[in-house]
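Student: Please find one structure pasted underneath; my questions will follow.
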Amino acid sequence: MIDLRSDTVTRPVAAMRDAMANAAVGDDVYGDDPTVRRLEARTAGILGKEAAVYMPTGSMTNQVAIRTHTEPGDLVVMDAGSHVVRSEGGAPAALSGVTAQRILGERGIFTADQVRDAIGTSHHGSPSTLNPPATLLSVENTHNGGGGRVWPLDTLDEVVVAARAAGLRCHLDGARLWNATAATGVPEARYARDFDSVSVCFSKALGAPVGSALAGSAAFVQRARRFKQLFGGGFRQAGIIAAGALYALEHHRGDLGRDHARAGALADVLVTIPGVKLVREHVETNILRFAVPCPAGDFVDACMGRGVAMLVSGRHDIRAVMHRDVSEGDVERAAGVIREELRRLTAKMSTVDYMM
Ligand SMILES: *Cc1c(COP(=O)(O)O)cnc(C)c1O
């Protein structure tokens, strides 16, 4: 099976399992798991923040960040296709009582003017009590829904300036910030510099089995720990999994260019397959998003039958993700299966169907 559903499907390598088996542990809820503390300090250091807190998932780090930054009734400004609103189970409304003010970005990326429009314009003639207060901007880099798109640094700086000018705090969903850095050479800390909080995942590109971290000022992280507990994230001898995350952070960050090259190699083939809609330049990191002329579910089922797993992300839309457990040979085999199954499926379709 060539599993291209997500970069979360990687298995821990032997050295990582050794590190986990031998990890020094304590009770994290009491603050005395030494491996968790080391992971948090190292993560904060890489991100240029005072502190970080380890949590079970990236959804939890994002939602704890939202809960820590906002009051019920607030508006949180973010892209309409962001993971926070589309893939975290409706949590902003359920757990923080906030409304997501959704910006229609261009593959996840929006402008400072779009932020200003989303925040709204105040005037002494209209009562300010009418509007839900916008108090937080959330930005996703790389953007998952946008096909692993990397934020251009100047655009990123501009949206943060626009948000700050209106008094908003800023959160960076950097589940794949490592990929942005691997693609551009811009250090993680530079991307994180002007944000009050940053989420990063160890279980995605880096290949750790479990966990994410939320970084920010010492005071922010202190308060975030309260909501981590409130959301049920107090985990005990978490050093066992933190050791895997720490191993991934120290040993796997430098490998991400290889995943990006493999995504590019698959994209190079996909653009030559009749019926596939893919813009080659849109494949910037490890995620490919493309469209097929037949129903996406039929295509995914057919490829699955041939040992290549991908995700349906729309009626005709497919997501494929490169990761540490995909070899160069796997890319070639996957490309062959995609070509053959599409040819078979589209041959069965009428011209009218095909045009749709
Ligand atoms: C995967 C992901 C998350 C968090 O995912 P978990 O599965 O909860 O760890 C957050 N943001 C983005 C952009 C993601 O891709």
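Numbering of the sequence shown is given in my numbering, commencing with residue 58 and proceeding in unit increments. Ideal placement from N, C-alpha and C gives every residue a C-beta, glycine not left out.
#1: How would you label GLY138, buried or exposed, when you count the other beta carbons within 10 angstroms and need 16 or more for buried?
#2: Considering only their Cβ atoms, is the gap separating ALA318 from SER77 smaller than 8 Å?
#3: I need the boundaries of the alpha helix (DSSP H) containing ASP75, first residue and last residue.
#4: Buried or exposed for HIS180, please, with buried defined as at least 16 other CB atoms from any protein chain shown within 10 angstroms of its CB.
#5: Looking at the structure shown, is PHE347 part of a helix, part of a strand, or coil, going by DSSP?
#6: Who does SER256 pair with in a DSSP beta bridge?
#7: Which same chain residues, not among the five before or five after ASN119, have their C-beta less than 7 Å away from its C-beta?
#8: With C-beta atoms as the reference, is LEU402 less than 8 Å away from PHE356?
#9: Using 8 Å as the threshold, is the segment 246-265 in touch with the segment 115-133, meaning 3 or more CB pairs across them?
#10: List the endpoints of the continuous alpha helix (DSSP H) containing TYR248.
#11: Fully enclosed by the segment 161-230, which alpha helix (DSSP H) runs are 4 residues long or longer?
#12: Quick check on this structure: which residue in GLY182, GLY203, ARG173 has the alpha carbon closest to the alpha carbon of THR192?
#13: Here's a check: name, in chain order, each residue in its chain whose Cβ is nearer than 6 Å to the Cβ of SER274, leaving out the five neighbours to either side.
#14: Counting C-beta neighbours from all protein chains within 10 Å, is the total for PRO149 16 or more, i.e. buried, or is it exposed?
#15: Which residues bound the alpha helix (DSSP H) around TYR111?
#16: Quick one: any contact between the segment 237-252 and the segment 200-218, if contact means 3 or more CB pairs under 8 Å?
Tutor: With the given structure in hand:
#1: Of the residues assessed, GLY138 falls on the buried side of the cut-off, its CB having 16 or more other CB atoms within 10 angstroms.
#2: The sequence as given places Met at residue 77; Ser does not occur at that position. For MET77 and ALA318, no; Cβs fall outside 8 Å.
#3: Residues 71-78.
#4: With fewer than 16 Cβ atoms within 10 Å of its Cβ, HIS180 is classed as exposed.
#5: For PHE347, the three-state secondary structure derived from DSSP is strand.
#6: In DSSP, SER256 forms a bridge with ASP230, LEU271.
#7: Sequence-distant Cβ neighbours of ASN119 in its own chain, meaning closer than 7 Å and more than five residues away, are VAL141, GLU145, ASP230, SER256.
#8: Yes. Within cutoff.
#9: Below 8 Å, enough C-beta pairs join the segment 246-265 and the segment 115-133 to call them touching: three or more.
#10: Segment 245-249, the alpha helix (DSSP H) holding TYR248.
#11: Within the segment 161-230, the runs of alpha helix (DSSP H) at least 4 residues long that lie entirely inside it are, in chain order, 169-176, 210-222.
#12: Of GLY182, GLY203, ARG173, the residue nearest in Cα terms is ARG173.
#13: Residues of the same chain with a CB within less than 6 Å of the CB of SER274, apart from the 5 flanking positions on each side, are GLU107 in chain order.
#14: PRO149 is buried by the Cβ-count criterion.
#15: Unbroken run through TYR111 is the beta strand (DSSP E), 108-112; no alpha helix (DSSP H).
#16: The segment 237-252, when compared against the segment 200-218, does touch it at the 8 Å Cβ threshold.
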